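Accompanying notes for the structure given below.
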Amino acid sequence: SETQQELTKLKSELDKKVLFYEEELVRRDASHTTELKNLRKELHDSEGQQLSLNKELLVLKDKLEKAKRERYAVLSP
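Counting in the working numbering, the sequence shown runs from 270 upward without gaps.
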């Protein structure tokens with residue numbers, strides 16, 4: 270019957286839309302997973318760089334203090 274054909278057509282269109290949205294969700298999920306992975310790597314790299322710079326800062330502060338002590342020792346016999 271015509272009603273049955275219409276229902277079959279509507280169900281087919283609905284199934285296509287459901288499939289489209291499911292595929293879109295999978296695609297977006299994969300994209301977000303990749304983006305999150307890249308951000309975690311960036312964060313890890315930044316933390317490593319920060320540790321390295323802090324270490325370098327401590328070394329430079331130590332050298333500065335040593336130079337100040339040596340200068341003070343020279344200036345006051």
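Glycine included, each C-beta is placed from N, C-alpha and C at the ideal position.
Just so it is clear, the structure is predicted and the values come from calculations on it, not from any experiment.
Could you tell me the boundaries of the alpha helix (DSSP H) in which residue i lies?
| i | result |
| --- | --- |
| S270 | S270 -> no alpha helix (DSSP H), and no H or E assigned at all. |
Is DSSP giving residue i helix, strand or coil here?
| i | result |
| --- | --- |
| S315 | helix |
| S281 | helix |
| S345 | coil |
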